[in-house]
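Comments concern the structure below.
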Amino acid sequence: MARYIGKRILIAIVTMLVILLILFLLLQLMPGSPFNDEKLSAEQVAVLKEKYGLDKPVIVQFFQYVKNMLKGDLGVSYALSPDTPITDLIVNRFPVMLKLGFFGMLVGTLAGMLLGFLTAFFKNKVLNVIYNILTLLGIAVPSYLFAMFFSYYLGYKGKLLPLLYDFRSPVSSSIMAVVAMSLGVMAVIARFSKAEASDVMKSDYVLFAKCQGLSNGTTILKYVLKNSMMPVITVMASLLVSLLTGSLVIEQMFSVPGVGGLLTNAISVNDYSVVIALSFIYSVLYIVVMLILDIMYCVIDPRVRLGGKPE
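What follows is the structure in structure tokens.
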């Protein structure tokens, strides 16, 4: 297992470097410049580019950036907040984004697995109707529409929850955002959970276990749940990254000071350093999540090995 994990980590590191190089190349092709102020003369723009090292070849900028990044230096902002370290710009925003994404994923996953497994294990018409309605709404309705509904009826009309995010009461002011983000996750997880559990329940080894006299509860706990989790874990990984990187609209609606708004503003003013840093952080999040997923595969099913070869 150690060899398998080592290979996956090495692949992850190489992937990160390739992504970083691609980001540098793509941003060189973007129109405009961080110094689009009409008041700046050509000489002043040249001085600014020299100051920030933008006059050097791309490959030189790349290796210098990697060197600084290994020291924990993500550079400074060129346009949004000139000369402000990017770490200072995101230090308060990043934990907020992670918190919303994590709890949105947690609530959606637990609710989805509960709904999906219960529907698969108990053939109840009422439960099946609830399952169909919730999963259809969760998949068909965008999260921002749920957010608008909650904001109007629970925040504005009912006065039950704060309309906007408040650092003084982060829990209550995050509830509507978290629930709105979790509903889509719940629907997807519920569908996968039900489909996988239903298939496993029909498998030969489950039927054999029942023939041995094991109760339904023991069979479900010992055989069905574990063997139903692999595909569910797979979809959980992609959903988690989607929540972390795609919650921009939710952030804007509830005035959540997350990273999405910072990235949008940086793109609008061509603040290359901020765009590269945030895009790279998003990529690292995805790679780390997929790496954890690979390790979980290996733990849940020891037969899983890189290349399909046993160690």
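Heads up, the sequence shown is in my numbering, so the first residue is 2 and it goes up one at a time.
Glycine residues also receive a C-beta, built at the ideal position from the N, C-alpha and C atoms.
Problem set entry | At least 3 beta-carbon pairs within less than 8 Å: the segment 77-85 vs the segment 255-274 | yes
Exercise. Roughly how many angstroms separate the alpha carbons of Gly54 and Gln62, rounded to a whole number?
Worked result: Indexing the sequence shown from 1 puts residue 54 at position 53. Indexing the sequence shown from 1 puts residue 62 at position 61. Each residue's Cα considered, the two are about 7 Å apart.
Exercise. Where do the ends of the alpha helix (DSSP H) carrying Arg94 lie?
Worked result: Taking the first residue of the sequence shown as 1, we reach residue 94 at position 93. Note, Arg94: alpha helix (DSSP H), Arg94 to Phe122.
Problem set entry | Pro86 in three-state terms, based on DSSP | For the purposes of this step, residue 86 is taken as the residue at position 85 of the sequence shown. In the structure shown, Pro86 sits in a strand (DSSP, three-state: E or B).
Exercise. Nearest CA to the CA of Met182: which residue from Gly139, Arg9 and Leu263?
Worked result: Your numbering for residue 182 matches position 181 in the sequence shown. With distances taken between Cα atoms, Met182 lies closest to Gly139.
Problem set entry | Inter-stretch contact (C-beta, 8 Å, three-pair minimum) for the segment 111-129 and the segment 91-101 | no
For this session: Compare the beta carbon distance of Ser194 and Gly113 with 8 Å and say whether it is the shorter of the two.
Result: Locating residue 194 in the sequence shown gives position 193, where the first residue counts as 1. Locating residue 113 in the sequence shown gives position 112, where the first residue counts as 1. Going by C-beta atoms, Ser194 is nearer than 8 Å to Gly113.
Exercise. Is Ser175 near Tyr166, with beta carbons less than 8 Å apart?
Worked result: Numbered from 1 along the sequence shown, position 174 holds the residue referred to as residue 175. Numbered from 1 along the sequence shown, position 165 holds the residue referred to as residue 166. Cβ atoms of Ser175 and Tyr166: closer than 8 Å.
Problem set entry | Bounding residues of the alpha helix (DSSP H) (the contiguous stretch that carries Arg4) | Residue mapping note: residue 4 aligns to position 3 of the sequence shown, counting from 1. From DSSP, the alpha helix (DSSP H) with Arg4 extends over Ala3 to Leu30.
Problem set entry | Option in Ser256, Val108 and Val172 with minimal Cα separation from Gly185 | Position 184 of the sequence shown, counting from 1, holds the residue named residue 185. Of Ser256, Val108 and Val172, the residue nearest in Cα terms is Val108.
For this session: Express the C-alpha separation of Lys40 and Val46 in angstroms, rounding to a whole number.
Result: Position 45 of the sequence shown, counting from 1, holds the residue named residue 46. Position 39 of the sequence shown, counting from 1, holds the residue named residue 40. Near 10 Å, if we compare the C-alpha coordinates of Lys40 and Val46.
Exercise. For Val77, which beta-bridge partners are listed by DSSP?
Worked result: Locating residue 77 in the sequence shown gives position 76, where the first residue counts as 1. Val77 is bridged to Pro86.
Exercise. Alpha carbon to alpha carbon, what distance is there between Ile12 and Ile296?
Worked result: The sequence position of residue 296 within the sequence shown is 295, counting from 1. The sequence position of residue 12 within the sequence shown is 11, counting from 1. If I take the Cα positions, the gap works out to 13 Å.
Exercise. Is it the case that the Cβ atoms of Met98 and Leu240 are separated by a distance below 8 Å?
Worked result: By one-based count along the sequence shown, residue 98 stands at place 97. By one-based count along the sequence shown, residue 240 stands at place 239. No, the pair does not count as a contact, with Cβ atoms beyond the cut-off.
Exercise. Is the distance from the Cβ of Ser248 to the Cβ of Gly102 below 8 Å?
Worked result: Within the sequence shown, the letter at position 247 stands for residue 248. Within the sequence shown, the letter at position 101 stands for residue 102. Yes, the pair counts as a contact, with Cβ atoms nearer than the cut-off.
For this session: Within its chain, find whatever has a CB closer than 8 Å to the CB of Val179; leave out the 5 residues flanking it on each side and keep chain order.
Result: Translated into the one-based positions of the sequence shown, residue 179 becomes position 178. Contacts found: Leu101, Phe104, Gly105 and Val108.
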